[in-house]
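Below is one structure, written out as structure tokens, with a few remarks after it.
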Amino acid sequence: MSQLAFKPVTAANLADFEALFAGPGGPKFCWCMVWRATAEEGRGTPGEVRRGQMLGRIARGVPVGLLGYDGEKPVAWVSIAPKPTYRRLKGPEPAPGENVWSLACMFVLRKWRGRGLAHQLIAAAVAHARAEGADVVEAYPVAPDAPSYRFMGFVPAFEAAGFSPAGMAGTRRHVMRLSMTR
């Protein structure tokens with residue numbers, strides 16, 4: 001299994017982020033805006049509009065996630081950011097003063113799939129959130145046989161990382177949480 005190096009997405013590596021998302025098989029249809037879009041930004045907007053929305057957040061220094069690198073090549077993405085930056089995610093209300101970060105999406109280039117990289121993406125996201133002061137990391141995976149939302153990961157991978165069930169968000173997405181105080 002390849003060991004990836006992870007870097008937060010910033011203006012400094014914006015070209016790598018765009019190359020991963022816009023490249024063959026990349027998530028250029030959503031630009032990881034589905035759960036972030038405000039009412040003003042709208043749902044169902046085309047990929048190019050969503051790209052602009054995401055790039056605007058990055059330009060303003062809003063945390064959006066991490067890129068996973070194999071050497072110098074970006075090959076993976078994990079969306080990890082403070083929960084308030086995701087407008088449409090469900091889950092339990094944070095306790096007063098609780099700093100919750102959400103892991104909402106993962107993407108790996110097809111050539112690198114099947115190598116267990118989801119475990120690395122989850123571990124990197126948790127480490128990043130912890131370093132940024134998160135009290136809890138919340139994730140929204142599905143069962144392995146779910147027909148949709150697969151980009152949010154699978155329940156067994158989060159169980160292996162120590163996450164605990166915290167309810168459901170809809171009929172397919174499980175809400176799972178990991179406390180940073182353990």
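Under full-length UniProt numbering, read the sequence shown as residues 1 to 182, first letter to last.
Even glycine gets a Cβ: it sits at the ideal position worked out from N, Cα and C.
Discussion item. Between the alpha carbons of Leu55 and Ser102, how many angstroms are there, rounded?
Written reply: It is roughly 19 angstroms from the alpha-carbon of Leu55 to the alpha-carbon of Ser102.
Worksheet item: Is Trp35 helix, strand or coil by DSSP?
Response: Reduced to three states, the DSSP call for Trp35 is coil.
Fill in: For Leu109, three-class secondary structure by DSSP
Looking at Leu109 - three-state DSSP - the assignment turns out to be coil, as it is neither helix nor strand.
Discussion item. Does Leu89 come out as helix, strand or coil in the three-state DSSP assignment?
Written reply: Correct three-state label for Leu89: coil.
Discussion item. If contacts are defined as beta-carbon pairs under 8 angstroms, then Tyr86 and Arg50 qualify, I think. What distance do you get, rounded to the angstrom?
Written reply: Contact doesn't hold; Cβ gap of about 14 angstroms is too wide.
Practice prompt. Could you tell me if Arg110 is buried or exposed, where buried requires 16 or more neighbouring beta carbons within 10 angstroms of its beta carbon?
Written response: Arg110 should be labelled exposed.
Worksheet item: To the nearest angstrom, how far is it from the Cα of Ala139 to the Cα of His174?
Response: So the alpha carbons of these two residues sit roughly 8 angstroms apart.
Discussion item. With DSSP as the reference, identify every bridge partner of His174, one or two as the case may be.
Written reply: For His174, which the question treats as bridged, DSSP gives the partners Met168.
Worksheet item: Should Arg57 be labelled buried (16 or more other beta-carbon atoms within 10 Å of its own) or exposed?
Response: Answer is buried; the Cβ neighbour count reaches 16.
Worksheet item: Is DSSP giving Gly68 helix, strand or coil here?
Response: In the structure shown, Gly68 sits in a strand (DSSP, three-state: E or B).
Item to complete: Take Pro82 and list the residues in its own chain whose beta-carbon comes closer than 6 angstroms to its own, dropping the five residues that flank it on each side.
Response: Only Trp101 meet the Cβ criterion.
Worksheet item: By the 10 Å Cβ neighbour count, where 16 or more other Cβ atoms means buried, how is Gly153 classified, buried or exposed?
Response: Its Cβ being crowded by 16 or more others within 10 Å, Gly153 is buried.
Discussion item. According to DSSP, simplified to helix, strand and coil, what is Ala157?
Written reply: Ala157 falls in the helix class under three-state DSSP.
Worksheet item: So is Met168 buried or exposed if we call it buried at 16+ other beta carbons inside 10 Å?
Response: Exposed.
Practice prompt. Just tell me which of Ala131, Gln120 and Thr171 has its CA closest to the CA of Ala160.
Written response: Ranking the options by Cα distance to Ala160, first place goes to Gln120.
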